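Engineer: Here it is, the structure in full.
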Amino acid sequence: MIAQYEPKPDVMARREQILAGLRLLLPPTGVIGEALRLKPYETDGLAAYRQPPLAVALPETTEQVAAVMAFCHAEGVRVVPRGAGTSLSGGALPMADSVVLGLMRMNNILDINYADRFAVVQAGVTNIGITQAVAERNFFYAPDPSSQLACMIGGNVMMNSGGAHCLRYGVTANNLLGLKIVTVQGEIIEIGGAHCDAAGYDWLGLLTGSEGQLALVTEVTVRILRSPEGQRAMLAAFDGIEVAGRCVDAIISSGIIPVALEFMDRPCIHACEAFAHAGYPMDAEAMLIIEVEGSVAEQDDLLGRIKEICRKFDPISLKVSESVEESLAIWKGRKGAFGAVGRISPDYLCMDGTIPTSQLAFVLRRIAEMSAACGLAVANVFHAGDGNLHPLIMFDANDAASFHAAETFGADILRLCVEVGGCLTGEHGVGVEKRDLMGVQFTEIELDQQRRVKSAFDPDWLLNPSKVFPLKLPAMADLPA
Amino acid sequence: MSENLVAADAEAPDTEAPATEAGLAARIRSAFESGEPLAVCGHGSKAVMLRPVQAAHTVSTRHLSGVSLYSPSELILSAGAGTKVCEIEAILAAQGQHLIAEPPDFSALYGTGGAPTVGGMVAANLAGSRRVAWGATRDHVMGLRAVAGNGEVLRAGGRVLKNVTGLDICKLLTGSHGTLAVLSEVTLKVLPAPERRATLAIVGLDPVRGVAALAAALGSPYAVSGAAYLPAEAAARMPMLAWLGGSVTLARIEDFAPSVVYRTDRLRGELASFGAGEVLDDGATRALWSAIGNVAPLALEPSGDAPEQAVWRVSVRPSAGPAVAAALAAALGARWFMDWGGGLVWIAAPATSAAHAEVARVVAAAGGVWILMRAPDSLRVAVDVIPPEVTALARISRRVKAAFDPKGILNPGRMRAGM
Ligand SMILES: Cc1cc2nc3c(=O)[nH]c(=O)nc-3n(C[C@H](O)[C@H](O)[C@H](O)COP(=O)(O)OP(=O)(O)OC[C@H]3O[C@@H](n4cnc5c(N)ncnc54)[C@H](O)[C@@H]3O)c2cc1C
Numbered sequence: 037m038i039a040q041y042e043p044k045p046d047v048m049a050r051r052e053q054i055l056a057g058l059r060l061l062l063p064p065t066g067v068i069g070e071a072l073r074l075k076p077y078e079t080d081g082l083a084a085y086r087q088p089p090l091a092v093a094l095p096e097t098t099e100q101v102a103a104v105m106a107f108c109h110a111e112g113v114r115v116v117p118r119g120a121g122t123s124l125s126g127g128a129l130p131m132a133d134s135v136v137l138g139l140m141r142m143n144n145i146l147d148i149n150y151a152d153r154f155a156v157v158q159a160g161v162t163n164i165g166i167t168q169a170v171a172e173r174n175f176f177y178a179p180d181p182s183s184q185l186a187c188m189i190g191g192n193v194m195m196n197s198g199g200a201h202c203l204r205y206g207v208t209a210n211n212l213l214g215l216k217i218v219t220v221q222g223e224i225i226e227i228g229g230a231h232c233d234a235a236g237y238d239w240l241g242l243l244t245g246s247e248g249q250l251a252l253v254t255e256v257t258v259r260i261l262r263s264p265e266g267q268r269a270m271l272a273a274f275d276g277i278e279v280a281g282r283c284v285d286a287i288i289s290s291g292i293i294p295v296a297l298e299f300m301d302r303p304c305i306h307a308c309e310a311f312a313h314a315g316y317p318m319d320a321e322a323m324l325i326i327e328v329e330g331s332v333a334e335q336d337d338l339l340g341r342i343k344e345i346c347r348k349f350d351p352i353s354l355k356v357s358e359s360v361e362e363s364l365a366i367w368k369g370r371k372g373a374f375g376a377v378g379r380i381s382p383d384y385l386c387m388d389g390t391i392p393t394s395q396l397a398f399v400l401r402r403i404a405e406m407s408a409a410c411g412l413a414v415a416n417v418f419h420a421g422d423g424n425l426h427p428l429i430m431f432d433a434n435d436a437a438s439f440h441a442a443e444t445f446g447a448d449i450l451r452l453c454v455e456v457g458g459c460l461t462g463e464h465g466v467g468v469e470k471r472d473l474m475g476v477q478f479t480e481i482e483l484d485q486q487r488r489v490k491s492a493f494d495p496d497w498l499l500n501p502s503k504v505f506p507l508k509l510p511a512m513a514d515l516p517a
Numbered sequence: 005m006s007e008n009l010v011a012a013d014a015e016a017p018d019t020e021a022p023a024t025e026a027g028l029a030a031r032i033r034s035a036f037e038s039g040e041p042l043a044v045c046g047h048g049s050k051a052v053m054l055r056p057v058q059a060a061h062t063v064s065t066r067h068l069s070g071v072s073l074y075s076p077s078e079l080i081l082s083a084g085a086g087t088k089v090c091e092i093e094a095i096l097a098a099q100g101q102h103l104i105a106e107p108p109d110f111s112a113l114y115g116t117g118g119a120p121t122v123g124g125m126v127a128a129n130l131a132g133s134r135r136v137a138w139g140a141t142r143d144h145v146m147g148l149r150a151v152a153g154n155g156e157v158l159r160a161g162g163r164v165l166k167n168v169t170g171l172d173i174c175k176l177l178t179g180s181h182g183t184l185a186v187l188s189e190v191t192l193k194v195l196p197a198p199e200r201r202a203t204l205a206i207v208g209l210d211p212v213r214g215v216a217a218l219a220a221a222l223g224s225p226y227a228v229s230g231a232a233y234l235p236a237e238a239a240a241r242m243p244m245l246a247w248l249g250g251s252v253t254l255a256r257i258e259d260f261a262p263s264v265v266y267r268t269d270r271l272r273g274e275l276a277s278f279g280a281g282e283v284l285d286d287g288a289t290r291a292l293w294s295a296i297g298n299v300a301p302l303a304l305e306p307s308g309d310a311p312e313q314a315v316w317r318v319s320v321r322p323s324a325g326p327a328v329a330a331a332l333a334a335a336l337g338a339r340w341f342m343d344w345g346g347g348l349v350w351i352a353a354p355a356t357s358a359a360h361a362e363v364a365r366v367v368a369a370a371g372g373v374w375i376l377m378r379a380p381d382s383l384r385v386a387v388d389v390i391p392p393e394v395t396a397l398a399r400i401s402r403r404v405k406a407a408f409d410p411k412g413i414l415n416p417g418r419m420r421a422g423m
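Residue numbers (my numbering), protein chains in the order written: chain A, 37 to 517; chain B, 5 to 423.
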């Protein structure tokens with residue numbers, strides 16, 4: 037079990053009063069207190085960690101969120117915000133004395149404006165839900181995490197989620213215009229709007245990726261984009277990891293930025309092919325999925341240039357998708373990669389470090405050596421253009437020693453990422469999972485600086501504590517009231 | 005321009021420019037200990053932006069200069085905060101790459117001589133016309149080193165393209181105008197520069213039709229990377245547009261050469277109902293958009309006895325641009341033009357507090373934000389140069405400021421009075 041701050045005894049003792057207080061603020065079905073019904077909320081996408089909360093609150097409006105926050109603030113109750121609970125870093129893991137504040141009932145699309153190219157949606161709208169709502173006019177919302185069928189825009193904002201196409205379109209932070217937030221005291225504030233760029237401090241930028249540490253998000257204004265005329269993927273297979281890495285460098289150095297540039301190693305290719313039947317090359321050590329967009333002629337031109345570059349690296353095969361179905365199958369394999377690995381191993385841990393792409397070959401070699409040393413298999417799938425790795429470490433959760441070994445292996449991979457000039461997490465967030473590794477990347481001075489920023493929003497550390505920062509009650513800086 | 009604006013041009017004699025980050029940290033530490041405020045600058049090219057800073061001493065980052073890392077295949081460049089933007093642009097151009105946000109150079113607008121530094125570009129979160137498709141500087145700052153107001157050296161972000169480790173202090177410091185920490189080094193994402201550019205120019209549309217055409221262009225699948233509208237008066241000031249004789253609605257496309265040819269043609273077809281459209285070539289396109297970014301269409305030559313002009317940068321939802329411009333033209337006789345598909349309105353009008361109040365009122369009613377970009381000191385001290393924040397946010401602002409700069413010694417008053 038992962039350590040969290042001690043539950044507050046006075047809060048635990050007042051459980052019934054707190055539930056009663058919440059029931060005054062929310063519709064009858066909006067408050068959950070029964071042990072059995074708390075169960076679905078005790079974990080998130082990092083299922084190795086579990087902790088039932090004190091209660092779950094499911095508001096339906098921003099005003100209800102504000103009322104719950106004001107109440108919890110007055111009562112000194114910790115709050116853990118939750119979207120769909122797909123966090124892979126334990127970001128939505130409850131604390132025993134916390135109220136889980138779930139945004140899933142706030143799932144309405146409030147406004148779509150094609151002329152000004154934005155949509156206003158509530159925090160509980162799913163990522164794919166936005167794109168579906170604007171697809172009839174050939175628009176889309178660009179960040180596309182593999183979990184997009186389930187994960188919610190509020191969670192995406194708080195994790196600054198990426199996706200397969202962020203090489204071209206950026207991550208969540210680059211696709212937002214405004215937020216409606218609720219402070220820990222229960223105040224409602226509009227940040228940004230339908231226009232670009234704040235005049236004062238960039239609150240939108242600071243809140244994005246803040247992992248529920250600073251405020252609740254109830255509404256999000258996102259940029260929507262016109263879909264390209266078309267897109268097409270190709271597969272390039274190589275008999276070595278290093279040569280595939282060099283090919284990635286060569287493509288980017290040539291001035292072409294494909295919309296997607298994804299990398300899979302042999303174990304991952306095999307796992308995904310078994311599930312997606314996408315025609316992945318089973319004899320390859322490494323495979324690239326490269327996608328371009330534009331008119332058919334533009335696609336041909338770009339794919340032609342890319343194929344020419346690939347040929348310099350002795351590919352085993354180069355295959356351009358011939359149809360929409362084939363492209364979909366290629367992406368089905370990639371987007372289902374985590375699930376596919378889940379089918380060949382009872383459990384897996386998904387790492388998320390980023391490295392400078394020049395270190396790719398070295399890091400993959402080191403990961404293979406570590407894997408051999410600790411006896412746990414690993415499959416690699418990642419965003420090659422930006423160096424965001426996703427080693428999937430396979431283990432058996434019923435075996436405590438196996439889980440422990442997997443955690444240690446994972447931590448070693450992340451240390452390696454930082455050592456070569458990268459970072460602990462490229463898109464999944466720190467959560468509880470990487471909290472205790474923060475000292476590998478940041479000095480204590482830097483962590484204290486970040487803690488002071490949290491304190492500026494949340495002076496009593498009621499919002500999602502035990503996450504992101506190594507456990508240490510912050511030396512309360514004397515910030516002005 | 006008035007005396008005091010020109011005066012800010014000359015480097016203050018008591019400006020200190022430490023040669024190292026450690027030297028900068030020591031200087032700030034001593035200011036922290038004595039509680040003496042510091043004005044912060046690079047080469048001072050934006051010294052007259054926002055509010056005047058009340059500080060006896062100025063610290064400059066101009067000697068923290070030089071590119072320390074450039075890896076074209078990783079799309080990453082790091083440089084000392086005092087490195088000139090033009091130097092970085094030259095280094096990138098040699099590898100066929102560029103700064104994504106197309107940072108403008110406001111030295112003509114401000115009448116200042118100093119070359120803009122990359123630290124200033126980040127501190128002011130600059131963005132040119134490409135903002136509308138590719139983001140502002142904030143979107144491409146991958147890492148920063150900075151010295152906080154207590155002299156502590158901080159690193160934020162890193163040197164990789166994807167990083168969500170901890171709070172995004174890069175975004176917070178970007179655009180904070182040196183009021184939280186003094187930047188010592190910045191790491192930017194860069195991209196390949198386009199092989200070719202072209203601009204479709206439609207002549208004679210009124211502002212509402214012009215913005216509708218730009219909305220159609222930006223809502224097309226042709227990756228339009230610049231979308232501006234110049235009324236006839238502004239277009240007449242631009243040598244590359246004057247011959248068109250009328251207002252111009254401009255859409256830029258940048259990409260590989262065959263794509264530019266194809267997309268420009270398609271776009272012209274798609275916008276045919278707005279007018280025939282002329283296509284400007286690569287060279288004209290470069291000159292044109294650089295001038296638009298640098299606010300040349302408002303260029304304010306010293307003009308004898310005419311009342312001094314102030315300049316506001318207004319950001320609204322694009323479709324609101326024409327109404328904001330029309331209201332301010334009617335009320336103040338403002339001159340203006342629009343970029344970002346109508347979402348960025350540059351306004352020039354008499355530098356009076358009444359005019360300022362009118363700009364603030366009209367823009368707030370349209371749901372947008374404004375920055376008083378240029379005005380005499382007397383106006384800049386007298387008014388809010390950016391919109392005030394609601395009470396709850398103002399409290400958070402003060403606390404965040406104190407979290408970085410506990411004694412309030414860095415650029416006091418630059419963004420807001422008393423902060
Ligand atoms: C199979 C699978 C594939 C994935 N693929 C990707 C991928 O490709 N790219 C990627 O980036 N991520 C990926 N993820 C991770 C995850 O889906 C993202 O982090 C996602 O954004 C989380 O959204 P959520 O709604 O599930 O949020 P949750 O998991 O419920 O919460 C995430 C964090 O945000 C906080 N939070 C949630 N909503 C709010 C709110 N409204 N206000 C304040 N705080 C809030 C929570 O407290 C928590 O800290 C994947 C996960 C899975 C399981």
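Quick reminder that beta carbons are idealized off the backbone N, C-alpha and C, glycines included. These numbers come from a predicted model, not from an experiment.
(1) So for residue 429 of chain A, helix, strand or coil by DSSP?
(2) Roughly how many whole angstroms lie between the Cα atoms of residue 505 of chain A and residue 306 of chain A?
(3) Leaving out five residues before and five after residue 260 of chain A in sequence, what residues of the same chain have Cβ atoms less than 6 Å from its Cβ?
(4) Excluding sequence positions up to five away, which residues of its chain have a Cβ less than 7 Å from the Cβ of residue 45 of chain B?
(5) Quick one, which of A:392, A:395, A:386, A:314 has its alpha-carbon nearest residue 359 of chain A's?
(6) Would you mind telling me which residues of chain A sit closer than 8 Å to residue 158 of chain B, beta carbon to beta carbon, in chain order?
(7) Can you find a C-beta in chain A that's less than 8 Å from the C-beta of residue 294 of chain B?
(8) Does DSSP classify residue 399 of chain A as helix, strand or coil?
(9) Tell me residue 282 of chain B's beta-bridge partners as DSSP assigns them.
(10) Between the stretch 244–276 of chain B and chain A, which residues of the former have CB atoms less than 9 Å from a CB of the latter, in chain order?
(11) Can you list the residues of chain A that residue 409 of chain B reaches, using a CB-CB cut of under 7 Å?
(12) Just the Cα atoms here: how many angstroms apart are residue 11 of chain B and residue 114 of chain B?
(13) Tell me whether residue 422 of chain B is buried or exposed, calling it buried when 16 or more other Cβ atoms sit within 10 Å of its Cβ.
(14) Please say whether residue 251 of chain A and residue 208 of chain A have beta carbons closer to each other than 8 Å?
(15) Which residues bound the alpha helix (DSSP H) around residue 52 of chain A?
(16) For residue 42 of chain A, does the three-state DSSP call read helix, strand or coil?
(17) Measuring straight from C-alpha to C-alpha, what distance separates residue 157 of chain A and residue 393 of chain B?
(18) Quick one: list the residues of chain B neighbouring residue 196 of chain A, beta-carbon separation under 8 Å, in chain order.
(19) I'd like to confirm something about residue 247 of chain A: is its beta-carbon nearer than 7 Å to some heavy atom of ligand 1, or not?
(20) Please list the residues of the stretch 341–364 of chain A that have a C-beta atom closer than 8 Å to any C-beta atom in chain B, keeping them in chain order.
(21) Does any residue of chain A bring its CB to less than 8 Å from the CB of residue 323 of chain B?
(22) Return the residues of the stretch 400–422 of chain A that lie within a Cβ-Cβ distance of less than 9 Å from chain B, sorted by chain order.
(23) Residues of chain A with CB closer than 7 Å to the CB of residue 100 of chain B, please, in chain order.
(24) So with CB distances below 8 Å, who are the chain A contacts of residue 143 of chain B?
(25) Look at the alpha carbon of residue 2 of chain B and the alpha carbon of residue 43 of chain B, and state the distance between them as a whole number of angstroms.
(26) Which residues of chain A have a Cβ atom closer than 8 Å to the Cβ of residue 129 of chain B, listed in chain order?
(27) Residues of chain B with CB under 9 Å from residue 462 of chain A, in chain order?
(28) So, with DSSP's three-state summary, where would you put residue 20 of chain B?
(29) Could one say the Cβ of residue 9 of chain B lies closer than 8 Å to chain A's Cβ atoms, at least one of them?
(30) Just checking my contact of residue 103 of chain B with residue 85 of chain B at CB under 8 Å: how many whole Å lie between their CB atoms?
(31) In this structure, does DSSP put residue 5 of chain B in helix, strand or coil?
(32) Cβ of residue 53 of chain B less than 8 Å from any chain D Cβ?
(33) By Cβ distance, which residues of its chain are closer than 6 Å to residue 8 of chain B, with the 5 residues on each side in sequence left out?
Structural biologist: Reading from the atomic positions:
(1) Position 393 of the first sequence, counting from 1, holds the residue named residue 429 of chain A. The answer is strand: DSSP assigns residue 429 of chain A an E or B state.
(2) Numbered from its first residue, the first sequence carries residue 505 of chain A at position 469. Numbered from its first residue, the first sequence carries residue 306 of chain A at position 270. Straight-line Cα distance between these residues: approximately 37 Å.
(3) For the purposes of this step, residue 260 of chain A is identified with residue 224 of the first sequence, where counting begins at 1. Short of 6 Å from the beta carbon of residue 260 of chain A, and not among the five residues preceding or following it, lie these beta carbons of its own chain, in chain order: 153, 155, 170, 175, 177.
(4) To locate residue 45 of chain B, count along the second sequence from 1; it is residue 41. The beta carbon of residue 45 of chain B lies closer than 7 Å to those of 51, 62, 64 in the same chain, with the five residues before and after it left out.
(5) To locate residue 359 of chain A, count along the first sequence from 1; it is residue 323. When C-alpha distances from residue 359 of chain A are compared across A:392, A:395, A:386, A:314, the shortest belongs to A:314.
(6) As a first step, residue 158 of chain B must be located in the second sequence, where it is residue number 154. Those are 481, 482, 485, listed as they occur along chain A.
(7) To locate residue 294 of chain B, count along the second sequence from 1; it is residue 290. In terms of beta-carbon proximity, residue 294 of chain B stays away from the interface with chain A, with every pair separated by 8 Å or more.
(8) Position 363 of the first sequence, counting from 1, holds the residue named residue 399 of chain A. The three-state secondary structure of residue 399 of chain A, taken from DSSP, is helix.
(9) Position 278 of the second sequence, counted from the start, is the residue given in the question as residue 282 of chain B. BP columns for residue 282 of chain B point to B:205.
(10) Correct list: 259, 260, 262, 263, 266, 267, 270.
(11) To locate residue 409 of chain B, count along the second sequence from 1; it is residue 405. Chain A residues near residue 409 of chain B: none, gap ~11 Å exceeds 7 Å.
(12) Along the second sequence, read from residue 1 onward, the residue named residue 11 of chain B stands at position 7. Along the second sequence, read from residue 1 onward, the residue named residue 114 of chain B stands at position 110. For residue 11 of chain B, the predicted structure reports a pLDDT of 31, less than 50, and the residue's modelled location is therefore unreliable. The matter cannot be settled from this model.
(13) As a first step, residue 422 of chain B is located in the second sequence; it is residue number 418 there, counting from the start. By the neighbour-count rule (16 or more Cβ atoms within 10 Å), residue 422 of chain B is not buried but exposed.
(14) Walking along the first sequence from the start, residue 208 of chain A turns up at place 172. Walking along the first sequence from the start, residue 251 of chain A turns up at place 215. Residue 208 of chain A places its beta carbon 8 Å or farther from that of residue 251 of chain A.
(15) Within the first sequence, the letter at position 16 stands for residue 52 of chain A. Run containing residue 52 of chain A: 51–61, per the alpha helix (DSSP H) assignment.
(16) Residue numbering aside, residue 42 of chain A sits at position 6 when the first sequence is read from its first letter. Residue 42 of chain A: coil per DSSP, three-state reduction.
(17) Residue numbering aside, residue 157 of chain A sits at position 121 when the first sequence is read from its first letter. Residue numbering aside, residue 393 of chain B sits at position 389 when the second sequence is read from its first letter. Going from the Cα of residue 157 of chain A to the Cα of residue 393 of chain B covers about 23 Å.
(18) Mapped onto the first sequence, residue 196 of chain A falls at position 160. Correct list: 168, 172.
(19) Along the first sequence, one-based indexing puts residue 247 of chain A at 211. Correct: residue 247 of chain A has its Cβ closer than 7 Å to ligand 1.
(20) Correct list: empty, as no residue qualifies.
(21) By 1-based counting over the second sequence, the position of residue 323 of chain B is 319. Yes, contact with chain A.
(22) Against chain B - using a Cβ distance shorter than 9 Å - the residues of the stretch 400–422 of chain A are 419, 421, 422.
(23) For the purposes of this step, residue 100 of chain B is taken as residue 96 along the second sequence, with counting starting at 1. Around residue 100 of chain B, the beta-carbon contacts reaching into chain A at under 7 Å are 291.
(24) As a working note, residue 143 of chain B is residue 139 in the second sequence. Within chain A, the residues whose beta carbon sits less than 8 Å from that of residue 143 of chain B are 206, 209, 210, listed in sequence order.
(25) Nothing about residue 2 of chain B can be read from this structure; chain B reaches only from 5 to 423.
(26) Within the second sequence, residue 129 of chain B is the residue found at index 125, counting from 1. By Cβ distance, chain A contributes 233, 238.
(27) The residue you call residue 462 of chain A lines up with position 426 of the first sequence. Chain B residues near residue 462 of chain A: 164, 165, 166, 167, 168, 169.
(28) Residue 20 of chain B sits at position 16 when you count from the first residue of the second sequence. Note: residue 20 of chain B maps to strand in three-state DSSP.
(29) As a working mapping, residue 9 of chain B is identified with position 5 in the second sequence. Note that residue 9 of chain B has pLDDT 30, beneath the 50 cutoff, so the model's placement of it is unreliable and the number below is only indicative. Cβ-Cβ to chain A under 8 Å: no for residue 9 of chain B.
(30) Here residue 103 of chain B corresponds to residue number 99 of the second sequence, with the count starting at 1. Here residue 85 of chain B corresponds to residue number 81 of the second sequence, with the count starting at 1. Actually they are not in contact, since the Cβ atoms of residue 103 of chain B and residue 85 of chain B sit about 15 Å apart, beyond 8 Å.
(31) For this step, residue 5 of chain B is matched to residue 1 along the second sequence. For residue 5 of chain B, the predicted structure reports a pLDDT of 32, less than 50, and the residue's modelled location is therefore unreliable. A value from the coordinates is still provided. Reduced to three states, the DSSP call for residue 5 of chain B is coil.
(32) Absent here is chain D; the protein component of the structure consists of chains A and B.
(33) Within the second sequence, residue 8 of chain B is the residue found at index 4, counting from 1. Only weak support exists for where residue 8 of chain B lies, its pLDDT of 31 falling under 50; the coordinates are left without a value.
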